[in-house]
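Chains as they are written, first to last, in my numbering: chain A, 783 to 893; chain B, 638 to 746. For each residue, glycine too, the CB sits at the ideal point set by N, CA and C. Below is one structure, written out as structure tokens; the observations come after it.
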Amino acid sequence: DVKVTQSSRYLVKRTGEKVFLECVQDMDHENMFWYRQDPGLGLRLIYFSYDVKMKEKGDIPEGYSVSREKKERFSLILESASTNQTSMYLCASSFLRYEQYFGPGTRLTVT
Amino acid sequence: RKEVEQDPGPFNVPEGATVAFNCTYSNSASQSFFWYRQDCRKEPKLLMSVYSSGNEDGRFTAQLNRASQYISLLIRDSKLSDSATYLCVVTNSGYALNFGKGTSLLVTP
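Laid out in structure tokens, this is it:
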């Protein structure tokens, strides 16, 4: 059974803090993704990675960066958190263009 | 124009009813199509893929109409446990999925 885990379910940070969200998958998937989900806006792709050390911008990369040093781990970094980055963050992984498996999500609040 | 559009609902239906959702997509070169299900405060999970010939999985039937650029999901004999948000998903040439905003379904006793 595919398992995608995220480092925290709930996180509260202050404006200006650097925030790290970690995602780990155990299925040896090449592709990993970071989304944010907001009411009325749906799921929006922030960044994705199709190989170690490779990354591609999604629809809303501003204010975010990512790191993929190992195949199983994909990190999302908020360099200087702002209140408009309060959201649910979902990580996913997939093999090629097949089904994406999602982690349970991290609900981030920036105060 | 958003690439994938869905009626947000909510669709309120009684148990046992048949309900159908449609989803339109704007990119005629789209290659793969899926329906995902998302329960409240949970992550999305694949419900079914949508093939050109249509496909059925128990009470669920998915159809693709490439000429009109829409996909549909039909749920027969609705159960209380079908209450969820249904996300229409389309892929183009890359690896990223394009999600619709979702259609909310509430099945009532």
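{"Query": "Complete runs of the beta strand (DSSP E) confined to the stretch 810–858 of chain A [at least 3 residues]", "Result": "813–820, 824–831 and 846–852"}
{"Query": "Neighbour flag for B/G739 against chain A, beta carbons, 8 Å", "Result": "yes"}
{"Query": "Supposed close pair B/Y723, B/L742 - CB separation, criterion 8 Å", "Result": "6 Å"}
{"Query": "B/F694 in three-state terms, based on DSSP", "Result": "Note that residue 694 of chain B corresponds to Asp in the displayed sequence, not to Phe. The answer is strand: DSSP assigns B/D694 an E or B state."}
{"Query": "Straight-line Cα distance separating A/T893 from A/V794", "Result": "7 Å"}
{"Query": "Cα-Cα separation, B/P647 to B/S718", "Result": "16 Å"}
{"Query": "In DSSP terms, what A/L860 is bridged to", "Result": "A/V801 and A/Y846"}
{"Query": "Neighbouring residues, chain B, relative to A/P886 (Cβ below 7 Å)", "Result": "E680"}
{"Query": "Proximal residues of chain B, C-beta to C-beta of A/Y832 below 7 Å", "Result": "Y732"}
{"Query": "Residues that A/E881 contacts on chain B, provided the C-beta gap is smaller than 7 Å", "Result": "L683"}
{"Query": "Close-in-space but distant-in-sequence residues of the same chain around B/V687 (CB under 6 Å, 5 per side omitted)", "Result": "F670, A699, L701 and I708"}
{"Query": "Separation of A/Q807 from A/F815, as counted between CA atoms", "Result": "11 Å"}
{"Query": "Residues that B/F736 contacts on chain A, provided the C-beta gap is smaller than 7 Å", "Result": "G824 and L825"}
{"Query": "N- and C-terminal bounds of the beta strand (DSSP E) containing B/P651", "Result": "F648 to P651"}
{"Query": "Per-residue DSSP class, three states only, for B/S730", "Result": "coil"}
{"Query": "Chain-ordered neighbours of A/L890 on chain B, where CB pairs are closer than 8 Å", "Result": "None at all; the shortest Cβ gap to chain B is about 15 Å."}
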